[in-house]
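J.: Have a look at this one before I ask anything.
Protein chains: 4
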Amino acid sequence: MSGPRHYCGVVGINAGHNVVADLQKALMIIQHRGQDSAGVSVFDGNVINTVKDAGLVQIALPKERIENIQGQVGIGHVRYATTGGKGAMNAQPMTMTTVFGMIALAHNGDLTNYQKLKTVYMGQGAVFQTDSDTELIINLLSRRMGQDQDPVKAIKAVMSEIDGAYALALMINGRLFGIRDPLGIRPLIIGKLDDGYMICSESSAVYSLGGEIVRDVMPGEVVEITQDSFKSYAPTTRCAYAHCFFEWVYFARPDSIIDGCEVYNVRKNIGRVLAREHPADVDLVMPIPDSGRAHAIGFSIESGIPYEEGFMKNRFADRTFIMPDQATREKAVSNKMIPIKSTVDGKRILIIDDSIVRGTTLKKLVHMLRDAGAKEVHVRVGSPPIIAPCFYGIDMKNREQFIANKHTVDEIREIIGADSLGYISIEGVIEAIGLSGSDLCLACVNAKYPTKIEGEEHRYQTRLTDLK
Amino acid sequence: MSGPRHYCGVVGINAGHNVVADLQKALMIIQHRGQDSAGVSVFDGNVINTVKDAGLVQIALPKERIENIQGQVGIGHVRYATTGGKGAMNAQPMTMTTVFGMIALAHNGDLTNYQKLKTVYMGQGAVFQTDSDTELIINLLSRRMGQDQDPVKAIKAVMSEIDGAYALALMINGRLFGIRDPLGIRPLIIGKLDDGYMICSESSAVYSLGGEIVRDVMPGEVVEITQDSFKSYAPTTRCAYAHCFFEWVYFARPDSIIDGCEVYNVRKNIGRVLAREHPADVDLVMPIPDSGRAHAIGFSIESGIPYEEGFMKNRFADRTFIMPDQATREKAVSNKMIPIKSTVDGKRILIIDDSIVRGTTLKKLVHMLRDAGAKEVHVRVGSPPIIAPCFYGIDMKNREQFIANKHTVDEIREIIGADSLGYISIEGVIEAIGLSGSDLCLACVNAKYPTKIEGEEHRYQTRLTDLK
Amino acid sequence: MSGPRHYCGVVGINAGHNVVADLQKALMIIQHRGQDSAGVSVFDGNVINTVKDAGLVQIALPKERIENIQGQVGIGHVRYATTGGKGAMNAQPMTMTTVFGMIALAHNGDLTNYQKLKTVYMGQGAVFQTDSDTELIINLLSRRMGQDQDPVKAIKAVMSEIDGAYALALMINGRLFGIRDPLGIRPLIIGKLDDGYMICSESSAVYSLGGEIVRDVMPGEVVEITQDSFKSYAPTTRCAYAHCFFEWVYFARPDSIIDGCEVYNVRKNIGRVLAREHPADVDLVMPIPDSGRAHAIGFSIESGIPYEEGFMKNRFADRTFIMPDQATREKAVSNKMIPIKSTVDGKRILIIDDSIVRGTTLKKLVHMLRDAGAKEVHVRVGSPPIIAPCFYGIDMKNREQFIANKHTVDEIREIIGADSLGYISIEGVIEAIGLSGSDLCLACVNAKYPTKIEGEEHRYQTRLTDLK
Amino acid sequence: MSGPRHYCGVVGINAGHNVVADLQKALMIIQHRGQDSAGVSVFDGNVINTVKDAGLVQIALPKERIENIQGQVGIGHVRYATTGGKGAMNAQPMTMTTVFGMIALAHNGDLTNYQKLKTVYMGQGAVFQTDSDTELIINLLSRRMGQDQDPVKAIKAVMSEIDGAYALALMINGRLFGIRDPLGIRPLIIGKLDDGYMICSESSAVYSLGGEIVRDVMPGEVVEITQDSFKSYAPTTRCAYAHCFFEWVYFARPDSIIDGCEVYNVRKNIGRVLAREHPADVDLVMPIPDSGRAHAIGFSIESGIPYEEGFMKNRFADRTFIMPDQATREKAVSNKMIPIKSTVDGKRILIIDDSIVRGTTLKKLVHMLRDAGAKEVHVRVGSPPIIAPCFYGIDMKNREQFIANKHTVDEIREIIGADSLGYISIEGVIEAIGLSGSDLCLACVNAKYPTKIEGEEHRYQTRLTDLK
């Protein structure tokens, strides 16, 4: 609810039929990963054609434009605009014409050495039309392919240059590749369709197309997706995973399975862990719709405290989500969430939110519950205190914005006006996910970055891509 | 979810400040009662000014137009377009200039003798620009006021002419009235604000403006709303209530209290009753989001069967709600609801829907659950089988559309593909609401109409408005 | 150019084919008479269906909406919004349902006793949804038809009640009537098509549909237009014409023939007369595009002074025409008209404008010519000084706006910065038109109104409609 | 009227104030050179900011976006979309970030060796996001600047690589350059403003900003525009001019002065020449509005035959101009032009069109005149028969489309239905312009190309840029 925003989602399909409608459907399924622009690129046997524009999938990819393109291989992208603007100009996939043909790229993530590489490369005569690291990746790729005609070799070479988080759907003419960064920070999964194969940021899109999950793309792996199969070009050695733990806590759809762990289950587990770590003597546990329901069910099951729907969410105010600035978003909260008086009045209530960035939304909700007659309001939070910026594709780059950086838990409790406040521990959230803590990126809650970040403590002193 | 659609919602405010923003906010709260057009009319001390247009409140009442009008007395309306079109032309409030000044009217309901009265009145020279019974009511009112200058007498006289369901917010120049039909079929409630009073279709709008509920407008009552108080012109005698039971089952917001019964509680009770009337040996009970959650929680509490969220709803597909035709709506279901595989797979599942009109949506959902691995799918329905049309303001006028009219419960079960199917009984739903069955309109489930309807069985042989 | 704005244009067609496209085409031809809204109503054999909206014909009547209606009888309307707004709500034709069926009306003109009649009629119980005299006419008509079933008698009765200027296209179910006020102030002409007949404000629309002009509707005449012919219900006596002289000077299209006189010819004659009344020793005569060309050609022919195009008009700035307020319009002039330096530089120039209301635009043009090097700038005006308001359908109701009311010709010359200024005389413009002066309405230039206007001098002391 | 379409227009300003509004105004003045997209780029002292979008200047550069950028140096562009689409993506100026800072480029023309250069350069690793030669020029420029930091040297180096027609407004960070191809095919002029200097495709824009013409940019010249002056980097030697003669005949505004010759005067001269080359015994000479007026005035003066406006042009149908395809445009003609019957009826008429590409529009006009009663219709054409494609920036690349390629003049006369048809001779049009024929590009009428074109006869066997 009050959590951070995400950057992007990608999809790529190679099948025995025109895949445009499938790409569109998949993008609607991962629409939560970006609402500012959407686009698809398909290879028609000759060239790559692209339709992309600002807005939700339904707006950006209207029937009359989508009908004009077709192809059995294609990629798609939904984008959350950070700086720069939401315009059509920044929509992806980005396409380029090279001596080897056309390249289309859809990118989810953030390169940490983007500025450095860009400067170096510009010094060699390269020019850039955008501020997007996607454009840099295509430039690097094109240069590498000039040195070695083999796309896979070129991709590997580019991967040895770039740092950070990236999940890529890449098309070189009619060849489709899925690429995941060496630590697997951003998710990417392989699916099998009736007459083809696909890659996507989230597994739900695979199901929505009637397909089956094959497996996650491995960290550092390049997979070439064909109509009949897929071919893996894995890293020769590996020594580390760093899956973003926030995908499970907040970003991904509940029905997605990421690196083997289903999001809905993880969220229920978080509720269970919270019930053990921060029990409370309350009358009922309430979710903050829609993102907090699984957490609350888990807490209810573990604690035996009844689960109730105590907030009425106004679905017509849901446009809030696409309101650009924080101020507008917060102002919209009071129209969006209304307590159900009879559920709340005279009760001791516990609510669970997925995370706290600034705390402003939560403060409003607590006050609304009190106004509606709640005797006590207890807050539990499904992620540990956020204290450090994310450089891997999440829109929380500014340390100043984190309330947990400036205040103790008790101070935060007082600011938001709760009777008690409990964050899940780092150990707790690791347990809830069920993977090893060393396989997760927890940088935003423990300030230890999995890749080298100038001026920050990082887990690995060498560039990860060197670790072969 | 698969239930019928509603017509309209109304609001009226008289307060010590410019009420335009309050009207707008209240309309956003009752937006679920109509998404096709919205409008507000305010009296500026001299004339009534109106802003209205097609679309959601945010679209129809944009800042730049709303800023141009002001007044301390005003009414508002949201509308669900049935036949005729969604255009700006049909938006309410409807306003007219008469010899007594300006009249503005916002109407929720349906007059059952509209065509008859219109024909009679046209025979006397009246002309009509629309097919709306709202226009007829204003015409009748104007004529009555010509005979007797007193607005209340005129209103009463009109009420003795018209039959059917109506909840009206009426402004005659700067005087504001709330009017409810003699059986109280459609809801209307009085609220007290900091510096004024209001009427509205649903109590949640009162809370959203920081006010307190005073009481429901009584069946057949006219209330004049002033800044300091309200004055009641009650019917001298009364002998019947006929509150639409569907308001609790499906239409109204969970957080609204209608005729003393909170909607959320009624829905939980429905779940409890269903658990007793149609128990099931299943692993978990799942709501159909968003409307079915309270039902499912009630079933879970009564039965002890765990409550789980097993459907993921795509909020970006929520535009479905404003899709005009049935076909488009149904096609959109599969993008909108996706089962969470881990919750569903291998389980015996019970889902609760609020009602079944055609059954097509439910059929899709059952199949989706089976595809996701559900071992058994049991369906419970929060209203008795719908078998008769509604003539009181709900968009289900055609007997042919009701699956329960053509099939037995077991046939319906087979059609939708469920392992078991249980409708709540008429007695059960009466118990869940907590009012006397004779005080409810249950015509759509028992075919006994509270007012005289040509060709239908009706509870009262004389016109109800004669029952003084 | 700097002249007043017009109200409306009407059309009606009865033919052996679906007339929707013809109505649309005719409205495009008379689009200059109103750009704020457009609409068509057609009778499909059963009911009258209407499509109307704000905007130019192309915008208001889009293909997808127009395709949904059809009929062999129909009317259309283009409207210039004065007060009140340009919204879809005020678009015409206006339609009403009465006991006799459906009525649709398209109106060009202004009733001078509108407020009086409205008040009287409201006293009898009538209600009004708009501030439009069109609504009043339909109400009166409906009432009269209640007394006497014959439409023609009812129309005649209404004509005996209303005063002012009106040209009407009226449909009563499938019967089509053309009606012109008793003085013939606004134009209305009958045309013959291949398989039908039509009426229209301007003859050019008849030609554009491949038809032939039959004759003008006579003052006070009602014509019923059928597929095979038309039937005239003429006034039994008549004693006066008062055709608005401004239709020839400015409003109508050059290619239209109004009451026997072709507009283009009249305008050339005006130029000739001006050359005689106000000769000038100049190097060249220049039109102000586009409206002044015929005037300038006439002046050139009569005087022997060369005609040159010295203003370049920016067609992309032509949207000026649909800019609502005077200020915006004036500001736009300098982008819209640019002198051609080579034509103008060092020359003594004479320009002709059709009329002067405020004089602001003309002042700008004179200055622009001087800036471009003109040695002298002489101005001739194609209408006498405008000194009195129009109550017959032209948007110049406020005496204060007329520069000729506050200043002598020489003062005006100084204000606009011209070397000489000559208005055509009243006699001159009468000569140019070629009709008798007593058959023209010259009220705006001689302040003598053809109908009774409270507080104004009028030519006829009794109501004209009484003059039988 | 029936002539070819143009590509683009450019402007660049360096002045002592924020130039955004001036750029916008200048673009509106040259809007006729491209209506599909518009854009401006300004340097704010630090970076270059750009606003550009599809549509007319008024649409593409709305107030709210224009207000957000500012700078004292800037360039602008209007674009006519050929293939590829009209979308925002193809709007100019195009901007790039290089190691030397930001580059913005606005381009009017066509590179004849674009594909060849692009292929070569891609072979060296360059990638291209568009099919636009503008992108190629920036790439070349960036590479050259990497070799030699001096912008002027880099520009000169690029000019030695590229062939064809180009008039460029170029910004490298805050430095502004105007560049014209070595033959001066496309126009570009230098103007002096109150507090700055500018370059523009047409001189009218200079006047519209209150400035004075300084001189045309010379063929092959690079000028750097500063606030106080401009600095010329002329080619060391030159041997040829090849100004596109069509700029005078059809493209440019009448009030523009190109390479010393005013367009309006040239067009009058064309009329005079036609009167001598192809005299006719007719009653009147009529222009085809709006482009043909000057031609007709010239013909009238030379021949003594009266000039009349015989076509009424519907300004509301003027959107035709922005209709994309030929078919739609032709269909729109009949709504757009209507003969004035009284002028035409019974007369022998001569009309002058600027050029004939396909002849379809002209055929319609001739028929319309006959239908309106013209006894004879004679056609004169202001350019010689078009027989060869243009490779220098005009949208007539397909030889098949030219009627004069397939038919003799007499056949064309018969096809269009005229009584006589006369094209101006090549010598005649040269005389009318007043420059030497060897200084003009007449390739589309004599098939002799000024630069080397594969498979075509060309005047110069070596690359022109080698001729130093």
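Chains as they are written, first to last, in the working numbering: chain A, 1 to 468; chain B, 1 to 468; chain C, 1 to 468; chain D, 1 to 468. Ideal Cβ positions, reconstructed from N, Cα and C, are used throughout, including at glycine.
1) Using 8 Å for Cβ pairs, my map puts A/ARG267 next to A/GLY382. What's the rounded Cβ distance?
2) Under 7 Å, Cβ to Cβ, is there at least one residue of chain A near B/LYS331?
3) At a CB-CB cut-off below 8 Å, which residues of chain A make contact with D/ILE138?
4) Within 8 Å, do at least three Cβ pairs link the segment 412-431 of chain B to the segment 367-387 of chain B?
5) Considering only the alpha carbon of each residue, which of C/ILE258, C/GLY101, C/ILE162 and C/VAL357 lies closest to C/GLN115?
6) What first and last residue would you give for the alpha helix (DSSP H) that runs through B/GLU277?
7) With a threshold of 8 Å, are at least 3 pairs of Cβ atoms found where one atom belongs to the segment 24-41 of chain B and the other to the segment 186-201 of chain B?
8) Am I right that A/ILE338 and B/SER208 are in contact with their C-beta atoms under 8 Å? What's the rounded C-beta distance?
9) Look up A/SER41 in the DSSP assignment and give the residues it is bridged to.
10) Which whole-angstrom value is the C-beta distance of C/ASP36 and C/ALA81, which I expect to be below 8 Å?
11) So, are the CB atoms of D/MET89 and A/VAL127 less than 7 Å apart?
12) Are C/ILE48 and C/ALA104 touching if we call contact CB-CB under 7 Å?
13) Going along chain D, which residues have a C-beta under 7 Å from C/PRO254?
14) I think D/ILE225 touches D/GLY178, with their Cβ atoms under 8 Å apart; what is that distance to the nearest whole Å?
15) Under 8 Å by Cβ, that's how I've got C/VAL10 and C/LEU23 pegged, so tell me the actual separation to the nearest angstrom.
16) For C/VAL285, which residues in the same chain have their Cβ closer than 6 Å to its Cβ, ignoring the five residues on either side in sequence?
17) Shorter than 7 Å from the beta carbon of A/ARG370 to some beta carbon of chain B?
18) Would DSSP call B/PHE246 helix, strand or coil?
19) How would you write the range of the alpha helix (DSSP H) that A/HIS295 sits in, first residue to last?
20) Cutting at 8 Å between CB atoms, please list the residues of its own chain near C/ILE415, excluding the five before and the five after it.
21) Note down, one range per segment and in chain order, each alpha helix (DSSP H) of at least 4 residues found wholly within the segment 376-427 of chain A.
22) Counting only C-beta atoms, is B/SER420 closer than 7 Å to chain C at any point?
23) For chain A, is any of its Cβ atoms less than 7 Å away from the one on D/VAL99?
24) By how many angstroms is the C-alpha of C/GLU302 removed from the C-alpha of C/ALA275?
25) Can you name the residues of chain B whose CB is closer than 7 Å to the CB of A/MET337?
26) Run down chain A in chain order and give the residues with a C-beta less than 8 Å from the C-beta of B/GLN31.
27) Starting from B/ILE179, follow its DSSP beta bridges and name the residues at the other end.
28) Between C/TYR264 and chain D, is there a C-beta pair that is closer than 7 Å?
29) Could you give the distance in angstroms between the alpha-carbon of C/ARG329 and the alpha-carbon of C/SER355?
30) How big is the Cα-Cα spacing for C/ILE66 and C/VAL222?
31) Would you report the Cα separation of A/LEU421 and A/ARG272, rounded to the nearest angstrom?
32) Please confirm whether B/GLU471 has its beta-carbon closer than 7 Å to some beta-carbon of chain A.
33) According to DSSP, is C/ALA447 part of a helix, a strand, or is it coil?
T.: With the given structure in hand:
1) 7 Å
2) The predicted position of B/LYS331 is uncertain, since its pLDDT is 47 and thus under 50; a value taken from the coordinates is nonetheless stated next. For B/LYS331, the answer is no, since every Cβ of chain A falls outside 7 Å of its Cβ.
3) VAL127
4) yes
5) C/ILE162
6) B/GLU277: member of the alpha helix (DSSP H) spanning 263-277, first to last residue.
7) yes
8) Contact flag correct, Cβ pair sits at about 6 Å.
9) A/THR50 and A/ILE75
10) 4 Å
11) D/MET89 is not a Cβ neighbour of A/VAL127, given a cutoff of 7 Å.
12) yes
13) MET312 and ILE340
14) Going by Cβ atoms, the distance from D/ILE225 to D/GLY178 rounds to 6 Å, so yes, they are a contact pair.
15) About 10 Å; that fails the 8 Å criterion.
16) ALA296, PHE299, SER300, ILE305, TYR307 and LEU350
17) no
18) helix
19) 293-303
20) GLY359, LYS363, ILE403 and HIS407
21) As far as the segment 376-427 of chain A is concerned, its whole alpha helix (DSSP H) runs of at least 4 residues are 403-406 and 409-416.
22) Taking Cβ atoms only, chain C never reaches closer than 7 Å to B/SER420, which makes this a no.
23) yes
24) Looking at the two C-alpha atoms, the distance is approximately 6 Å.
25) Those within 7 Å of A/MET337 in chain B number zero; the least Cβ separation is about 10 Å.
26) ASN314 and PHE316
27) B/LEU168 and B/VAL222
28) yes
29) Model confidence at C/ARG329 stands at a pLDDT of 45, short of 50, so the residue's coordinates are unreliable; what they give is reported in the following sentence. Cα-Cα distance, rounded: 16 Å.
30) Just so you know, the alpha carbons of C/ILE66 and C/VAL222 end up roughly 29 Å apart.
31) 16 Å
32) Residue 471 of chain B falls outside the range modelled here, since chain B spans only 1 to 468, and no answer is possible.
33) coil
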